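The structure under discussion appears below in the form of structure tokens.
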Amino acid sequence: MEPKTTLAELAKTVPAALPQIDIREKISQRAAQSNTCVVVLDDDPTGTQTVHGVPVLTQWSEEALAVPMKQGVPLFYILTNSRALHVDQACELAHEVGTNLQTLAKKLKLQVQVISRSDSTLRGHFPHEVDALKESLGAQAAITFLVPAFFEGGRFTAHNIHYVREGEELIPAAQTPFAQDKTFGYKNSNLKQYVEEKTQGTIKADEVHSLSLELIRSGREQDLVQAILALPAGATCVVNALAYSDLETFTWALLQSGRSYVARSAASWVPVLGGLEPKPLLQSHDLARPGKPVLVVVGSHVPKSTEQLAYLLETSPELVPLEFEVKRLLDHDFDTVVNEYVERVDAHLAQGKDAVLYTSRQLVHVEDKFKSLELSKNISDALTTVVQRSRVEPGSVIAKGGITSSDVATIGLGIRTAMVEGQ
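For the sequence shown, this note's numbering begins at 17 and goes up steadily by one.
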């Protein structure tokens, strides 16, 4: 079992980070020169939390995808919400998207670079979605890069070990509650061993390659380019990163190498690959609609979300709390329960009161992982239907939880295309 550490202690075990100047502009120019469009398949809505000024599609027909591709948009997201699906459904979806992208790329004479954006705590349908994408894109020989670093959320990778920050501690990912997920649990924090675990031994740990921080931070740019060029066709490669400069160095070398790849990434790599410069955080006045109430919908039940909900309720006494009792979905008619909550939500919104609709915090245990995923979907369906049936328009809707956020946006609010304003 890997020991816990701190970011400061971990930084002492690797060379100092290399400062990068204007590298994102160079990356953006390189992509434009090569006529490349970066398409990010997001398996839940949290993948856009590092970007701004980027379109998000919730449909992936050829007709829908053709709009941003014909407009020359350099980077866009497709919200698939595939983490909420069974693995066979997720693969079918990925294959469909890949096929449509490949067809359009040929028609429009574009280079399409596909990223499978997923959870920085390693939950999701890996390697299945990536395999389906590679097959549909005709890219079986492409490198699979595994890039789970998400600095804003305290997720770092060094010495091939993936860490999650809790307070000041960095905890190996497999020792966190995320790894106990009923559907996507895992036992290995070492990403090489994680790949072996998730491929059920089809790819052995010693067959997984990696780009170390010693190499990335060496300052020997061409050595890094050559290391990427030396990767065998179809290989899986872990990318270590403790800072954005690591991802910038890697990305520039990758672009110079010209290697074909499909990546499994968390949120931090996307703005680098898209050449996006950081933007200040949005302020409340950027989003608020004066005189209109706010509806907050919380479906996530992981400990961190529960802590955040408790803090919200404690510090916002004017916020009306509406607890959705999950067990009632098991014992009562779906529509009866949902309509009851619609009436309660509408009553408060009509009075101009901000409200938070949240699922009961007591976890309902289901042993079978498929039934667990199905129950999660049913809970999300209930929350989404409340939003959909509500007759009082709020000024803003804030959704918390991967499945919840996606369904509230696409079903509850009927969004087909949106623009990410920022964070």
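Idealized CB from N, CA, C, for every residue including glycine.
Fair warning: this is a prediction, and the values are worked out from it, not measured in the lab.
Under the three-state reduction of DSSP, histidine 144 is assigned to helix.
Here glycine 315 has Thr375, Ser396, Leu399, Gly417, Thr420 as same chain residues with Cβ atoms under 6 Å from its own Cβ, once five neighbours each way along the sequence are excluded. Under a 10 Å Cβ-count criterion, threonine 218 is classified as exposed, with fewer than 16 other Cβ atoms of the shown protein chains found around its own Cβ.
Contact fails between the stretch 75-89 and the stretch 153-171, because fewer than three Cβ pairs, one in each stretch, are under 8 Å apart. Closest in C-alpha terms to leucine 120, from the list Asp262, Val83, Val146, His141, comes Val83. Annotation for lysine 122: the continuous alpha helix (DSSP H) segment containing it runs 103-124.
The Cβ neighbour count for histidine 317, taken over all protein chains shown within 10 Å, is at least 16; the residue is labelled buried. Our two residues, threonine 199 and leucine 124, have alpha carbons roughly 39 Å apart in a direct line.
Threonine 265: member of the alpha helix (DSSP H) spanning 260-273, first to last residue. Excluding five sequence positions before and after arginine 46, the CB atoms of its chain that fall closer than 7 Å to its own CB belong to Leu271, given in chain order. For the 7 Å CB-CB criterion, phenylalanine 172 and leucine 258 form a contact.
Closest in alpha carbon position to leucine 207, among Ala189, Gly290, Pro193, Phe350, is Ala189. Sixteen is the threshold: since fewer than 16 other Cβ atoms of the shown chains lie within 10 Å of the Cβ of serine 50, the residue is exposed. About 5 Å separates the Cβ atoms of proline 309 and aspartate 370, confirming a contact at the 8 Å cut-off.
Using a Cβ distance threshold of 7 Å, threonine 265 and isoleucine 232 count as a contacting pair. Here valine 372 really is in contact with valine 312; their C-beta atoms are around 4 Å apart, less than 8 Å.
Separation of the CB atoms of valine 130 and valine 436 is rounded to 19 Å, and the pair is thereby denied contact status at 8 Å.
Your pair alanine 80 and leucine 91 does not check out as a contact, with CB atoms roughly 16 Å apart and the cut at 8 Å.
By the Cβ-count criterion, glutamate 145 is buried, with 16 or more other Cβ atoms from all chains shown falling within 10 Å of its own Cβ. For a cut-off of 8 Å, the C-beta gap from leucine 329 to proline 337 is around 6 Å, short enough to register as a contact. The three-state secondary structure of proline 193, taken from DSSP, is helix. Rounded to the nearest whole angstrom, the CA to CA distance from tyrosine 179 to glycine 170 is 8 Å. When DSSP states are grouped into helix, strand and coil, threonine 352 belongs to the helix group. In terms of Cα proximity to glutamine 209, the closest of Val402, Leu298, His225, Glu25 is His225. Separation of the CB atoms of tyrosine 93 and glycine 63 is rounded to 7 Å, and the pair is thereby assigned contact status at 8 Å. Pairwise C-beta distances place the stretch 343-360 out of contact with the stretch 286-306, as fewer than three of them are shorter than 8 Å. The beta carbons of alanine 269 and valine 288 sit no closer together than 7 Å.
Within the DSSP secondary-structure output, phenylalanine 161 pairs in a beta bridge with Cys253, Ala279. The continuous alpha helix (DSSP H) containing isoleucine 43 extends over residues 39-49. Nearest to glutamine 378 by alpha-carbon distance, out of Phe350, Val342, Asp349, is Val342. Scanning its chain for C-beta atoms nearer than 7 Å, with the 5 sequence neighbours on each side dropped, one finds around glutamine 439 the residues Gln65, Leu297, Leu298, in chain order. Short of 8 Å from the beta carbon of valine 354, and not among the five residues preceding or following it, lie these beta carbons of its own chain, in chain order: Ala398, Thr401, Val402, Arg405. Sequence-distant partners of proline 35 (beyond 5 residues in either direction) whose C-beta falls short of 7 Å from its own C-beta, in its chain, are Ser261. Rounded to whole angstroms, the gap between the alpha carbons of cysteine 53 and leucine 26 is 35 Å. Taking 3 residues as the minimum length, the beta strand (DSSP E) runs contained wholly in the stretch 281-336 are 310-314, in order along the chain.
Judged by DSSP in its simplified three-state form, proline 248 adopts coil rather than helix or strand.
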